[in-house]
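Step one of this worksheet: look at the structure below.
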Amino acid sequence: MDEKGTEAAAATAVVMAERTSLPRPEKPIEVRVDRPFLFAIMDTRSQSALFLGRVTDPR
């Protein structure tokens, strides 16, 4: 601060890393979807179903 006034400055930095909560499998898992099926997305900690779904015509 001096006779001319004051000066203010600000800076923001963000560093992001590419990460996932689960390790990637070494090789892809092959799934053949050639008939109707049911599926569930589960929370492994609570064993709760987060989403249930049904595929009736996989064509």
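For the record, in the sequence shown the residue sitting at position 2 is 20 according to this note's numbering, with numbers rising by one throughout. The beta-carbon is built from N, C-alpha and C at its ideal position, and this holds for glycine as well.
Looking at the backbone, the Cα of Thr-74 and that of Arg-42 are separated by about 29 Å.
When C-alpha distances from Ser-39 are compared across Arg-63, Pro-46, Val-51 and Pro-54, the shortest belongs to Arg-63. Secondary structure of Asp-61 (DSSP, three-state): strand.
In terms of CA proximity to Leu-56, Gly-71 leads the group Glu-48, Gly-71 and Glu-44.
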